[in-house]
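Worksheet: the structure to be examined is printed underneath.
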Amino acid sequence: MTQRAPGRPAFTPLTRFSLVAAPALLAVYGTVRLLSRSGVPGPGWTAGHLALFLGLALFGPVFAGLRRLAPAGSAVRRRVAAVSTVVALAGLAASLAQTAVDLVVGFRAADGAEMSELFGQVQSHAAVKLVVYSAGPLLFYVGLLALVGSLVTRRGPVTGWTLGAICLGTVVMGVSLDLLPAGSALFLLALAPLSRTGSAALPTPGGHPVDSPARTRT
1 MTQRAPGRPA FTPLTRFSLV AAPALLAVYG TVRLLSRSGV PGPGWTAGHL
51 ALFLGLALFG PVFAGLRRLA PAGSAVRRRV AAVSTVVALA GLAASLAQTA
101 VDLVVGFRAA DGAEMSELFG QVQSHAAVKL VVYSAGPLLF YVGLLALVGS
151 LVTRRGPVTG WTLGAICLGT VVMGVSLDLL PAGSALFLLA LAPLSRTGSA
201 ALPTPGGHPV DSPARTRT
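For the sequence shown, full-length UniProt numbering puts the final residue at 218, and the numbers step up evenly by one.
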């Protein structure tokens, strides 16, 4: 026998928007970066990094929304999803800090030489370099991969394809920043379909599907 609670959308409008807009804005940044002079302050630097900052910020609702999809009947997977979300948000904070520094330096510097000097001053602090430029941003990808991995089920909405596309996109972006548009496109292919996720039955420990409260709000 199947029990079903009155369904509500799994995601808020902001989460649905963010699932599409976040990776799309990363692709915009990557494209602007390719089309403008790298390491030189100007409209291209500012526009690209504004797109990057907004795109990263929208991953906050994405992480929160994905967390709600954790299977109701699996305590372990729900704990993994919770921890992964915290890790991803920590990485997101570091990435946002790095992008904010890039924007400030771009506004203050008159040319590429002054920009390099300002970046050198910021990164001369070991703690800042570690948290904002080295280990910190990596947590974004580690948390995202772990979170998506904890949500994969045969019935969806997060499937092996979703995880595979996220993994491939991460690898592609890790190879070269010039491949950011391609990696972001893979993120978009993985996340955009989730924006159409509605309330659905999830398995309970007893094997009977039931609408999970975790999927009815974000």
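By construction, the Cβ of each residue, glycine as well, lies at the ideal position given by its N, Cα and C atoms.
Remark: C-beta atoms of Ala27 and Ala185 approach each other more closely than 8 Å. Taken in chain order, the whole alpha helix (DSSP H) runs of length 4 or more contained in the region 142-201 are 160-175, 180-191. Each of Ala192, Leu179, Trp45 was checked against the Cα of Met115, and the nearest Cα belongs to Trp45. For Thr15, the enclosing alpha helix (DSSP H) has its first and last residue at 13-35.
In the assembly as shown, Gly65 is a buried residue. Its beta-carbon has 16 or more other beta-carbons within 10 Å.
When the beta-carbon positions are compared, Ala88 and Leu139 come within less than 8 Å of each other. In this structure, the straight-line span from the alpha carbon of Val171 to that of Gly183 is close to 8 Å. Within its own chain, the residues whose Cβ lies closer than 6 Å to the Cβ of Phe59, once the five positions on either side in sequence are excluded, are Ala22, Leu92, listed in chain order.
As the crow flies, the alpha-carbon of Glu117 is around 41 Å from that of Thr162. Inclusion of Phe11 and Thr197 in the CB contact set at 8 Å is warranted, their separation being smaller than that value.
Straight-line spacing of the CA atoms in Ala72 and Val152 works out to 13 Å. DSSP places Val104 in the uninterrupted alpha helix (DSSP H) bounded by 75-108.
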